[in-house]
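Chains as they are written, first to last, in my numbering: chain A, 2 to 128; chain B, 15 to 521.
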């Protein structure tokens, strides 16, 4: 581009040709053309989805991941019985599964919401 | 145990499998049907099929056997196999579906624009598949021997033959029906006997299991190896599930990314329901079938309990039902893995032969023919291994397949989907390095069986081989930073934007 004319010279142009275009570019176009703006949108979508995924992974690490250490460290936990069944058996044999499903359900809700928000941003509903 | 009921049960499952497969054959017309059921399977069907495919001999027989033998510590296996799906859901499900590829090698090529990565990934798919098929075939031999007294190789050969017929005739669409049917068969087969067994146990005055304290408590023998093994099993199963080729190929049959997520969520519910049951069998086995421990046949506890606790014709019918469920487990898992091996090998062969120069109809026929040949060929090696190798506990040997998948495909998928910086050379370094580490372990354990800490590290390699895989992949990519594919932004758009947006997804 020759935006910067040499010193001492004055560029003579028709004002209409340099005037900024009034056509509004949609976010979809920005993404399709991989412009800086499009990239920012994409990165924010990916980051929010990755954050949701990492939240689930961290929760797993801090819950199921620490169970072996808890069982190892606290005898009172392993000795505790509910209806004659030792607590570790109840936790590992049954309670874990509904918890995993609940975690998955929360994640799907969050991920779908992020995608809906993104879609609304890119292609706003014509009102 | 009465052999007639058992043989009838096995025959019925085999016939039903082949029958449903034939029904699918009438619908299976094009290559796309053959590979991925034309991507039109609804979430409920698909998740039943995934459940049916995933619940293998290790889940149906192995978990109960391990619980009988080792108690509370073994509950980590089913937990890991379920949590693996949660990891798959959050890290790969929707983007993998949106990538639009058929298999992991396809994904690697689409994402990294490299035929080299494709080749390495194809070889690894075959490796993981064989490691997974071997215990299935062995379990089948063991089951048929328990039920009918036939030698081990009979059951192994029966399963291998049915699987090849099934895959060769109908491909993925028929497999979807077969798998979905088999999930519900497996759940029923395990659920109904539980009520009878628990009733018999109550009548018996609810005796407690007789076992050392170590059996009742996780880490009853608190040692370094014990803790290492538990965490290594966790790493392998949490991260390995997403890289199992027969699991991943199922995601391409979803209509879109949204459906892929819903499917995975339903799978979590289906698996969670199923895994409540094997523990009950294991504990009851500790009470009523402790002699199996001495004879080293703990994997058969599920099949033995009804005749021991109930007896009579009720016991025999229940045993037959369990046999049917076990056979469904072998057939469905083996079919799924064989299908994915055949898909990868078949694709590799057709492309290698320069198929693009031939007319469309010839290309299609030859693709399907290659797929069929690959299916038959892919079964032979694990069949030979199953017939020759010494038996190790089913659930243990399956973990080697998980560890290999976790050390190679997990880094490839996770980094490929979430990190723009992954390069082809970095990916190859990670696949080969992680693959070698996790691949040497089963060879060492089976062929040599080292003692002490080396033996412990080799028996469950995931805790060290997964970091190696990730490390090499990240390190290699950082060293070859200039190689990042030019179209990585477009690929990211394709992987992450919801389908309803009309954005440009072309490469």
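Glycine residues also receive a C-beta, built at the ideal position from the N, C-alpha and C atoms.
heavy atom of the ligand MG below 7 Å from residue i C-beta
{"i": "residue 119 of chain B", "result": "This structure lacks the ligand MG; in fact it carries no ligand of any kind."}
Beta carbon proximity, residue i to chain A, threshold 8 Å
{"i": "residue 460 of chain B", "result": "no"}
{"i": "residue 432 of chain B", "result": "yes"}
{"i": "residue 241 of chain B", "result": "yes"}
{"i": "residue 301 of chain B", "result": "no"}
{"i": "residue 503 of chain B", "result": "yes"}
{"i": "residue 286 of chain B", "result": "yes"}
{"i": "residue 270 of chain B", "result": "no"}
{"i": "residue 283 of chain B", "result": "yes"}
{"i": "residue 64 of chain B", "result": "no"}
{"i": "residue 369 of chain B", "result": "Interpretation of residue 369 of chain B is limited by its pLDDT of 43, a score under 50 that renders its predicted location unreliable; the figure taken from the coordinates is listed afterwards. By this cut-off, residue 369 of chain B is not an interface position."}
{"i": "residue 506 of chain B", "result": "yes"}
{"i": "residue 211 of chain B", "result": "no"}
{"i": "residue 100 of chain B", "result": "yes"}
Continuous alpha helix (DSSP H) stretch holding residue i: start and end
{"i": "residue 60 of chain B", "result": "57–68"}
{"i": "residue 442 of chain B", "result": "438–461"}
{"i": "residue 286 of chain B", "result": "271–288"}
{"i": "residue 513 of chain B", "result": "Careful: residue 513 of chain B lies outside any alpha helix (DSSP H) and carries neither H nor E."}
{"i": "residue 89 of chain A", "result": "88–91"}
{"i": "residue 153 of chain B", "result": "129–162"}
{"i": "residue 12 of chain B", "result": "The question about residue 12 of chain B has no answer, for chain B in this structure spans 15 to 521."}
{"i": "residue 54 of chain A", "result": "37–63"}
{"i": "residue 481 of chain B", "result": "476–493"}
{"i": "residue 113 of chain A", "result": "97–123"}
{"i": "residue 72 of chain B", "result": "Per DSSP, residue 72 of chain B belongs to no alpha helix (DSSP H) and is neither H nor E."}
{"i": "residue 9 of chain B", "result": "Outside the shown range of chain B (15 to 521) lies residue 9 of chain B, about which nothing can therefore be said."}
{"i": "residue 305 of chain B", "result": "305–309"}
{"i": "residue 221 of chain B", "result": "Neither: residue 221 of chain B is in no alpha helix (DSSP H) and is coded neither H nor E."}
{"i": "residue 471 of chain B", "result": "466–473"}
{"i": "residue 123 of chain B", "result": "118–126"}
{"i": "residue 79 of chain A", "result": "76–80"}
{"i": "residue 33 of chain A", "result": "28–33"}
With 16 other Cβ atoms within 10 Å as the buried cut-off, status of residue i
{"i": "residue 83 of chain A", "result": "exposed"}
{"i": "residue 147 of chain B", "result": "buried"}
{"i": "residue 120 of chain B", "result": "buried"}
{"i": "residue 367 of chain B", "result": "With a pLDDT of only 45 at residue 367 of chain B, under the threshold of 50, the placement of this residue in the model should not be trusted; the figure read from the coordinates follows. It counts as exposed."}
{"i": "residue 351 of chain B", "result": "buried"}
{"i": "residue 9 of chain A", "result": "exposed"}
{"i": "residue 260 of chain B", "result": "buried"}
{"i": "residue 461 of chain B", "result": "exposed"}
{"i": "residue 121 of chain A", "result": "exposed"}
{"i": "residue 454 of chain B", "result": "exposed"}
{"i": "residue 12 of chain A", "result": "exposed"}
{"i": "residue 135 of chain B", "result": "buried"}
{"i": "residue 103 of chain A", "result": "exposed"}
{"i": "residue 105 of chain B", "result": "buried"}
Distance between beta carbons of residue j and residue i, contact taken as under 8 Å
{"i": "residue 427 of chain B", "j": "residue 256 of chain B", "result": "6 Å"}
{"i": "residue 271 of chain B", "j": "residue 112 of chain B", "result": "5 Å"}
{"i": "residue 289 of chain B", "j": "residue 315 of chain B", "result": "That belief does not hold up - the Cβ atoms of residue 289 of chain B and residue 315 of chain B are roughly 16 Å apart, past 8 Å."}
{"i": "residue 509 of chain B", "j": "residue 431 of chain B", "result": "6 Å"}
{"i": "residue 448 of chain B", "j": "residue 421 of chain B", "result": "3 Å"}
{"i": "residue 286 of chain B", "j": "residue 89 of chain A", "result": "Contact doesn't hold; Cβ gap of about 18 Å is too wide."}
8 Å Cβ cutoff, residue i in contact with chain B
{"i": "residue 94 of chain A", "result": "yes"}
{"i": "residue 1 of chain A", "result": "There is simply no residue 1 of chain A to check, as chain A begins at 2 and stops at 128 in what is shown."}
{"i": "residue 67 of chain A", "result": "no"}
{"i": "residue 59 of chain A", "result": "no"}
{"i": "residue 29 of chain A", "result": "yes"}
{"i": "residue 33 of chain A", "result": "yes"}
{"i": "residue 82 of chain A", "result": "no"}
{"i": "residue 72 of chain A", "result": "yes"}
{"i": "residue 41 of chain A", "result": "no"}
{"i": "residue 101 of chain A", "result": "yes"}
{"i": "residue 63 of chain A", "result": "no"}
{"i": "residue 104 of chain A", "result": "yes"}
{"i": "residue 87 of chain A", "result": "yes"}
{"i": "residue 91 of chain A", "result": "no"}
{"i": "residue 107 of chain A", "result": "no"}
{"i": "residue 13 of chain A", "result": "no"}
Check your understanding: Using 8 Å as the threshold, is the segment 62–71 of chain B in touch with the segment 205–223 of chain B, meaning 3 or more CB pairs across them?
Key -> Output reads no: the segment 205–223 of chain B does not touch the segment 62–71 of chain B.
Check your understanding: At a cut of 8 Å, does the segment 191–200 of chain B reach the segment 339–359 of chain B through at least three beta carbon pairs?
Key -> Yes: the two stretches touch, three or more of their Cβ pairs being nearer than 8 Å.
Exercise for review: Take every Cβ of the segment 80–94 of chain B, pair it with every Cβ of the segment 47–59 of chain A, and state whether three or more of those distances are shorter than 8 Å.
Suggested key: No: the two stretches stay apart, fewer than three of their Cβ pairs being nearer than 8 Å.
**Study point:** Stretch pair the segment 321–340 of chain B + the segment 20–29 of chain B: three plus CB contacts closer than 8 Å
**Key:** The count of Cβ pairs closer than 8 Å, one atom from the segment 321–340 of chain B and one from the segment 20–29 of chain B, reaches three, so the stretches are in contact.
Review point. Per the contact definition of three or more C-beta pairs closer than 8 Å, is the segment 63–80 of chain A in contact with the segment 259–270 of chain B?
Key: With the rule of 3 Cβ pairs closer than 8 Å, the segment 259–270 of chain B does not count as touching the segment 63–80 of chain A.
Check your understanding: Touch check for the segment 211–225 of chain B and the segment 299–312 of chain B: three-plus C-beta pairs under 8 Å?
Key -> Under the three-pair Cβ rule at 8 Å, the segment 211–225 of chain B counts as touching the segment 299–312 of chain B.
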